[in-house]
Each structure stands twice: as C-alpha cells, then as structure tokens.
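J.: Last residue of the sequence shown: number 829 in the numbering used here, and the count goes up by one each step with no gaps.
Glycine included, C-beta positions come from ideal geometry on N, C-alpha and C.
Provided herewith is a single structure, encoded as structure tokens, for subsequent inquiry.
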Amino acid sequence: MGKVETGSARRGASRAAGRSTLWRSLADDFALRRDGTEARMAVLQQVMLAVVVLVITAFAIIAAIPGDLTLFFVGVAMVFVMTIVTMLVPWNAISPWAVGIVPVIDVVAILFMRAAFPESGIALLWLFPVMWLSASLGLAGFLAANLFVWVSYGWVIAAGKESAFSFALILLPIVTLAVSAGAYFSLRRFAAQRTLLDKQALVLGQSLERTQHQEQLVTQVLDSVDFGVIRISPDGAVTVTNEAHARMQHALISADGHNRLPAFDADGQTPLVPERMPVARAQRGEVFDNQIVWFGAPDTTRRALSVTTRRLRDTQGADAGTVVISRDVTAERTALLARDNVVASVSHELRAPLTAIVGYLDLALEAEGIPEKVRGDLDVATQNAERMIQIISDILSATSSSKSTVDVTVSPENVDLQQLVLASAEAWEPSALERRITIFTDDVQPTHAYVDPARMRQVADNLISNAIKYGREGGSVQLAVYGDDVASYLLVRDDGIGLSPDDQSRLFRRFFRARTDVGGTGLGLAICRDIVRAHGGEIIVGSEQGVGSVFLVRVPAQVDVPLPPIDPEEALNMSGAITTAGRSDMEATR
C-alpha cells in the first residue's frame, strides 16, 4: 500500500522546502559576491552618502536650522568615520558579510540626524544604506535593511518626534521597501545575466579550444603530406601554405640562391609566361586540373610539378578563395618519357626487318612457276607483314609525349563492312577455340560503309581480340553489323569480367589495361578510338561488372554524309534490340 501523508506532515515538508529554498537563495547570493564586487560597491556607496551628508551639513549651518546640533553632528561624524574606514579596510581580505556593518552603522547615524531635525526629511538618506544592503548582501541584506529602517523609524515615531500625522509616516517605509526590493531584484537579474554570460563565455572558450585543436590537427596533417597546399583568399592573397610547398619552392631556387628556375609548359620546351603560371591563374579565379609545369632549362636537372586548383565556399555559399595543390611528378614524367623512348626504339628496330621481309616476299611472288597454294600463303604473309608495319607506325605515333592522340591517316572508300568483319572473326577463331569461346556472326549483315578497309580491319581485330582475351572461359562473343543510309555500325559484345565506372573513364588512355594478367600493350583501344575519329565516327562503350562489355563503332555509310550527333545511351539502346535477340538464339543453340 502507498504511504498516506497527514496534513501536518505535508505542512512540515512545505516549511522544510521553504527553508531549503531560503538557504539556497542565501547561499547563491553569498556565492555571487565572492568576486570582490562588494568592496568596490562599499566605497562607492559610502562616498556618495558622505557627499550628500556634507551638503546637508553645510546647508544646516548656513541656514541655522533649529534642532539638536549635538545629536546631528554625532550622526555626521559617524558617517564620515565610516567613510574613512570603508576606504582603508581591505574588504577583499575579510568575509563579505563584514561589509554589511557599514550600512547598518549608517542607518543608526541617519537615525541620529533625523532625530535632531524631525522636520528636515533627512530620513530619505536611509535609501542609501537600504539599497546598499539589498544590492550587496542579497536576500539577507534586503531583509536586514528593511528591519533596521523600520525599527529605527518606529523608534522615532514612538519617541514622539513627529509633530502631527502626515502621509510621510506611511510613505517613507513603503518607498524604502520598494527601493530595496528593486535593488535586490536588480542584483538577482544582474547575477542571472552574469551567470548566463559566464556560461556563454565557457561555451565560446570550449569552441575556441576545439577550433584551435582542429586547426592544429589540420596544420599537422597538411605538413605531413608530400604535396604542396596553398590557400588563396578571395582578394588574391596567399594565406596558408604547408611545409611540402615550402620544400618545393626551396627546391625551385637556382644554384645561385637568388633567381627562380625558368618554367616550361608540359612539353618541357615551351617557356611558360608569368600569366600562365598556376598561382597567377588561381589568383585570377581559374579552376584547372593537373597543369604540368617543368622547372629548369632543358638538358639540366629539372623538376616537374602537377598543379590543380579548386574554388572554396563558406557555409553561406559565398566565395572563400581557392586552394592550390601541387605535386612533384618528376619521377613519373621521367618514367613516361623513358617508356616512350624504349617503345619508340623497339618499334623502330622492328620496322627494318619487317620491311626487308615484305621486300623479299614481293620478290618471291614475282618469281615464275610458284604453285597457287604457295602464292596464296605468300600473299597472306605479305598482308600480315604490312599490317604489322602499320601497327608499329601507330605505336610510334602513340608514344609521342607531346600528343594525347595517335596520328592516323585514312584513305576511305566504299566497303562492305560484313566481309571485313567476317574475315577478322575467321582470323581470330583459333584464339577463341583455345579458350572455348564461341564467336557468333548471325547478326553480321551486308552493310556498306565509307571507310579505310585496312584501318577498319585493324579496329575489328582489336575489338574482337579484346573480347576473346577478357571474355569468360567457355563463353561467347557476339558480333553485329548493321546500318542505314547515314551511319554504319559494328558491335562487339562479350560476357566477360566487365568494367568498373572508373575503368570506363580511363579505357581509351594510352597504355591503360583493365587487367595486368592479360597480355597486351594497352594501346589497342586508344588506336581504335583515333582511327574511328579520323573517319568522322565515334566508338561507344557500355559495361557492367560481372556481366560483360559492349563496344559500338559508328562510322559514315556514304561519302560526304556527316554523322549527326547521337546520345551514347540511345545508341546502345538501339543496338540492344539486335543483340538481345542474337543472345537468345545463341543460348538456345548451345
């Protein structure tokens, strides 16, 4: 059962709670006064009271007001003595409650002055100690001030010092109560505001400490990375740099220690004008990626930096300046140049023996009495040798460090794309059989195209060989050729590993390979792209990891008929109707 409270118990609990609240209020007031404020207030209040008493004294002497001058000057003397005491005593070194002695004595001093001149209105001076006690000692001071004043005022009335009843008899204690209450509540409000400000100051201090800590962490992180970071403010001033940037700048000083090394463009030969320097571009608000700058004259020890800039925005979306990131790519660029030189050297060395082979094959074909079977074999050998020479020429073009594309020359003519693709599929059939891959050519339809047959054969060979190399063991490769009066299409689909979105974005870069465990140079697709572009066409890729990839080549169907723009997704969707039907047939026949 629940506990039943009696009325007396509840009243006792209520009184206990009231006493607890009172003592808490007194404790809070005491705590709020421990900062030395009461000492400054004591001096100020007492000096103000002394000045007023001095004026009243001077007026009383000059005007010769009748009254008990002895009692009056006793009160005046008490006020001035307490003023001297207030200024001399180190109140901060003693208990805050000791300050309350001064206004209590002032109440008594004013009582003497009031008794000496009953009709003078000197009782209003009680407002000074009342406000002082209420403001400096809180609730205890408020209660004590009113108690002392009311007792003193009662003594004056009881002693018969009043000549007759007047409103002042009741007005003075009411005013005293109101003024002391105002002083007390002002203290409480001021204390609450100060507490709030202290809490806000604490929160701001903690926020400042966290911000400084985070700034220190960011600084340490920036100083620990091996790439340079510069922050440029919206007005173009450099505000933040890290240690890596300082090291790079120090490394770019010439041997005499005064002048910066000369700067050159990405090719390492074209001088870079000051307006094209990365920091100057960033200060103008430009945004760019991987600008390569060579520092140092050719044929000397040089350094290459890759510089990228990004715009910054603050929390309101306004411009917050620019961040410039620089990275030392000297080793990478040197390695690329060395690789290109090696490939070019090897390719050049291969061309000489292949040219000799083609020459001797031509001589053999001109000989009389060669059987037709042997002549056919020699023709095949000649064609393949010539194709190898063409491929080597493409590799030489692809290794040019100053270009991002292959120099491709084409001699287009009207060609049946079906025969070209079927011949390529037949040539790669043995490689497909080794991996148990089936090449389906049911959708390879007679289609006219205006292309260079040798170059388009090179494209078909590259795409089909890639589909076989990257296809699934025991899977299939589907080929399709179709078109209209404007465009002709070659589609190659496999069911292999597929490509990630990142790999798709880099697929046509020179020397890029999606898998390193599959042979190849990484130049095939880059060459295919540039051959197709040289025809005025385009090559589109679609892929899904674990499902497979599809390559769609679009070239002109007729001479002087330019290809209209087309959305890649739309082009792949258009090809999907053919390839889906073909795939269903394939699965049904296996």
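Could you name the residues of the same chain whose beta carbon sits closer than 8 angstroms to that of Leu-659, not counting the 5 residues immediately before and after it, in chain order?
T.: Answer for Leu-659: Pro-692, Met-695, Arg-696 and Ala-699, listed in chain order.
J.: Note the first and the last residue of the continuous alpha helix (DSSP H) segment covering Ile-770.
T.: Taken as a continuous stretch (DSSP letters only), the alpha helix (DSSP H) holding Ile-770 covers 763-773.
J.: Gly-710 and Asp-742 - do their beta-carbons sit closer together than 8 angstroms?
T.: Taking 8 angstroms as the Cβ cut-off, Asp-742 and Gly-710 do not qualify as a contacting pair.
J.: Do Gly-314 and Phe-351 count as a contact pair if the criterion is CB distance below 8 angstroms?
T.: It is a contact, given that the beta carbons lie within the stated cut-off.
J.: Check for me: the beta strand (DSSP E) holding Ala-719 runs from which residue to which?
T.: Ala-719 -> beta strand (DSSP E) spans 715-722.
J.: I'd like to check one pair, Asn-481 with Leu-511: are the Cβ atoms closer than 8 angstroms?
T.: No, these two residues do not count as a Cβ contact at 8 angstroms.
J.: Around the C-beta of Gly-467, are 16 or more other C-beta atoms found within 10 angstroms, so that it is buried, or is it exposed?
T.: It is buried - the Cβ of Gly-467 has at least 16 other Cβ atoms within 10 Å.
J.: Leaving aside the five residues before and after Leu-261 along the sequence, list all residues of the same chain whose C-beta is less than 8 angstroms from its C-beta, in chain order.
T.: Bear in mind that the predicted position of Leu-261 carries a pLDDT of just 44, short of 50, making it too unreliable to give a figure here.
J.: Using a 10 Å radius around the Cβ and a threshold of 16 neighbouring Cβ atoms, would you call Val-318 buried or exposed?
T.: Classification for Val-318: buried.
J.: Could you check whether Gly-776 and Arg-793 sit closer than 8 angstroms to each other, using their CB atoms as the reference points?
T.: In this structure, Gly-776 lies closer than 8 angstroms to Arg-793 by Cβ.
J.: Just how far apart, CA to CA, sit Val-532 and Ile-678?
T.: Each residue's Cα considered, the two are about 48 angstroms apart.
J.: Going by DSSP, what residues sit across from Gln-530 in a beta bridge?
T.: Gln-530 pairs with Val-546.
J.: Under 8 angstroms, do Leu-288 and Leu-364 count as touching if we go by C-beta distance?
T.: Yes, they are a contact pair.
J.: Determine whether the beta carbon atoms of Gln-657 and Gln-684 lie at a separation below 8 angstroms.
T.: The answer is yes: Cβ separation under 8 angstroms.
J.: Hey, out of Leu-575, Glu-611, Asp-618 and Lys-612, whose CA is closest to Ile-596's CA?
T.: Selected option, being the one with the closest Cα: Asp-618.
J.: Cutting at 8 angstroms between CB atoms, please list the residues of its own chain near Thr-621, excluding the five before and the five after it.
T.: If we look at Thr-621 and ignore the five residues flanking it on each side, its Cβ neighbours are Val-597, Leu-600, Asp-601 and Leu-604.
J.: I need the DSSP call for Leu-308, collapsed to helix, strand or coil.
T.: Leu-308: helix per DSSP, three-state reduction.
J.: Expressed to the nearest angstrom, what Euclidean distance is found between the alpha-carbon atoms of Arg-254 and Phe-424?
T.: Because Arg-254 carries a pLDDT of 47, less than 50, the predicted location of this residue cannot be relied on, and no value is offered for it.
J.: With DSSP as the reference, label Gly-787 as helix, strand or coil.
T.: In this structure, Gly-787 counts as strand in the three-state DSSP scheme.
J.: Note down the Cα distance separating Gly-475 from Ala-519, rounded to an integer number of angstroms.
T.: Between Gly-475 and Ala-519, the C-alpha separation is close to 9 angstroms.
J.: Which value, in whole angstroms, describes the spacing of the CA atoms of Thr-594 and Arg-550?
T.: Approximately 55 angstroms, taken between the alpha carbons.
J.: Relative to the C-alpha of Thr-322, which candidate in Asp-307, Val-343 and Pro-305 has its C-alpha closest?
T.: Residue Val-343 is the option with its Cα nearest to Thr-322.
J.: Can you have a look at Val-442 and say buried or exposed, based on whether 16 or more other CB atoms are within 10 angstroms of its CB?
T.: So Val-442 ends up on the exposed side.
J.: Given that a residue counts as buried once 16 or more other Cβ atoms are within 10 Å of its Cβ, and exposed if not, what is Ala-383?
T.: Label assigned to Ala-383: buried.
J.: So the beta strand (DSSP E) Leu-729 belongs to, where does it begin and stop?
T.: First-last of the beta strand (DSSP E) with Leu-729: 726-733.
J.: Evaluate contact between the segment 445-454 and the segment 538-545, counting only Cβ atoms and requiring at least three cross-stretch pairs below 8 angstroms.
T.: Short answer: they don't touch.
J.: Can you name, in chain order, every residue of its own chain whose Cβ lies under 6 angstroms from the Cβ of Ile-349, other than the five neighbours on each side?
T.: Leu-364 and Trp-365, listed in sequence order.
J.: How many Å lie between Trp-371 and Val-294 at the Cα?
T.: Rounded to the nearest angstrom, the two C-alpha atoms are 20 angstroms apart.
J.: Determine the extent of the beta strand (DSSP E) in which Ile-565 is found, giving its start and end residues.
T.: The question names Ile, but residue 565 is Ser in the sequence shown. First-last of the beta strand (DSSP E) with Ser-565: 558-567.
J.: With respect to the beta strand (DSSP E) encompassing Asn-653, which residues constitute its N-terminal and C-terminal limits?
T.: Start and end: 652-655.
J.: Do Ala-502 and Met-516 have their beta-carbon atoms positioned less than 8 angstroms apart in this structure?
T.: Closer than 8 angstroms, so yes.
J.: Measuring only the C-alpha atoms, how far is Lys-612 from Ala-666?
T.: Cα-Cα distance, rounded: 18 angstroms.
J.: Measuring straight from C-alpha to C-alpha, what distance separates Asn-653 and Thr-686?
T.: The alpha-carbon atoms of Asn-653 and Thr-686 are separated by roughly 10 angstroms.
J.: When you compare the CB positions of Ile-471 and Ala-431, do they come within less than 8 angstroms of one another, or not?
T.: No, they are not a contact pair.
J.: DSSP on Ile-596, reduced to helix/strand/coil?
T.: Looking at Ile-596 - three-state DSSP - the assignment turns out to be helix.
J.: If you follow the alpha helix (DSSP H) that Ile-344 is in, where does it begin and where does it stop?
T.: Where Ile-344 is concerned, the enclosing alpha helix (DSSP H) stretches over 340-355.
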